[in-house]
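J.: Take -19 as the starting number for the first sequence in our numbering and just add one per residue.
C-beta atoms are modelled at their ideal positions from N, C-alpha and C, and glycine is treated no differently.
Below is a structure I'd like to ask you about.
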Amino acid sequence: VVTWNSMIFGYAQNGYNEEAIDMFVEMRLEGLEPSDVTLLSLLSASANLGAVEEGKQGHGVALSFGLGLDRIMGSSILNFYSKVGLIDEAELVFSKMLDKDEVTWNLLISSYVRLQQIDKALDMCRSMRLANLKFDSVTLASILAVCSHSRNVMLGKEAHAYSIRNNLYPEVVVASSIVDMYAKCGRMGDARQVFDSTTNTNTIFWNTLLTAYVEAGHIGEALRLFYQMQLVSKPQDVTTWNVVIMGCMRNGDVDEAKYMFSKMQCAGIPPN
RNA sequence: CAGCGGUAAUCA
């Protein structure tokens, strides 16, 4: 079972969701009993694929093996239902869970943000505080996403201040969300300032400011940032290239866009 | 007793 688990878990972690599910089916055909780790992998793969039947089966198997709704299994099942859009089921699981932690709350909060149910999302944040849990970097990312979406720079600034007070600011997820929030609210100066004062960076973080420049029509700044990424050896992914190519197109420079498209493939990044 | 395992930020 441990061998099967590591196979299934490995597939699911690396985005091979179909393979993970196939492995699970094979394991059951062999007559082996899945453990909690098996089911967590299956639920994660089903959530990412939108595989409703497989995930429901996972839920059923968990129940039949008495693996109920502890905080990890419960959150995993909750994640599955919310990712496949069965929000009522997700809410039901949430209400039945006795042991909720930050992840449990974050799951429902981010679902509401995805569904644009902003008031519900913010209500959940308040309830989370009332339940004596503190916002973590993921909660803050959800709140900042609400600010980006609704162009609410006032709330965004509060979230920014909160992140500094509570030492969440060094987390790159939070820093990216803050840069994105300021940019979407039209505050490019603030976005840049946050960018420059962040030390823990990754590709998504750089992509966020790159996207902001392109959206603002500042193609020169975008290209400068793009080449600066290469200078500091920050890996560039398909999003990086998509944004730059789109920037060239918006700038009316089709030849440059085509050139970038071929450079992308030379860099070993297949188009998506 | 400890570890592992569940959520998250950028373009399309």
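According to the neighbour-count rule (16 or more other Cβ atoms, all chains shown, within 10 Å of its Cβ), is residue 119 buried or exposed?
T.: Its Cβ being crowded by 16 or more others within 10 Å, residue 119 is buried.
J.: Count the CB pairs spanning the stretch 148 to 165 and the stretch 178 to 195 that are closer than 8 Å, and state whether there are at least three.
T.: Taking 8 Å as the limit for Cβ pairs, the verdict is that the stretch 178 to 195 does touch the stretch 148 to 165.
J.: What residue range does the alpha helix (DSSP H) around residue 227 cover?
T.: Per DSSP, residue 227 belongs to the alpha helix (DSSP H) from 218 to 230.
J.: Residues in the same chain with beta-carbon distance under 6 Å from residue 12, minus the five sequence neighbours each way, listed in chain order, please.
T.: Cβ neighbours of residue 12 beyond the five flanking positions: -19.
J.: Rounded to the nearest angstrom, how far is the Cβ of residue 1 from that of residue 27, given a contact under 8 Å?
T.: Between residue 27 and residue 1 the Cβ distance is about 11 Å, and since that is not below 8 Å, they are no contact.
J.: Roughly how many angstroms lie between the CA atoms of residue 127 and residue 133, to the nearest whole one?
T.: In a straight line, the C-alpha of residue 127 is about 6 Å away from that of residue 133.
J.: For residue 111, count the other beta carbons within 10 Å of its own beta carbon; 16 or more makes it buried, fewer makes it exposed. Which is it?
T.: Result: exposed.
J.: Note down the Cα distance separating residue -12 from residue 216, rounded to an integer number of angstroms.
T.: Approximately 29 Å between the Cα atoms of the pair.
J.: So residue 46 is in the alpha helix (DSSP H); what residue range does that whole segment cover?
T.: No alpha helix (DSSP H) holds residue 46; DSSP gives it neither H nor E.
J.: Quick one: Cα of residue 17 to Cα of residue 76, how far?
T.: Straight-line Cα distance between these residues: approximately 21 Å.
J.: Use the C-beta contact count for residue 144: other C-beta atoms within 10 angstroms, 16 or more gives buried, fewer gives exposed.
T.: With fewer than 16 Cβ atoms within 10 Å of its Cβ, residue 144 is classed as exposed.
J.: Mapping the DSSP letters down to three states, classify residue 10 as helix, strand or coil.
T.: Coil at residue 10, not helix or strand.
J.: To the nearest angstrom, how far is it from the Cα of residue 209 to the Cα of residue 14?
T.: Taking the straight line joining both Cα atoms gives about 45 Å.
J.: Within a Cβ cutoff of 8 Å, which residues of the same chain sit near residue 179, ignoring the five residues on either side of it in sequence?
T.: Excluding sequence neighbours, residue 179 sits near 150.
J.: As a quick exercise: from 175, -9, 58 and 97, pick the residue whose alpha carbon is nearest that of residue 83.
T.: Taking only the C-alpha atoms, the option nearest residue 83 is 58.
J.: With a threshold of 16 other CB atoms inside 10 Å of the CB of residue 173, please say whether the residue is buried or exposed.
T.: With fewer than 16 Cβ atoms within 10 Å of its Cβ, residue 173 is classed as exposed.
J.: Nearest-angstrom Cα distance between residue -15 and residue 199?
T.: Roughly 48 Å between the two C-alpha positions.
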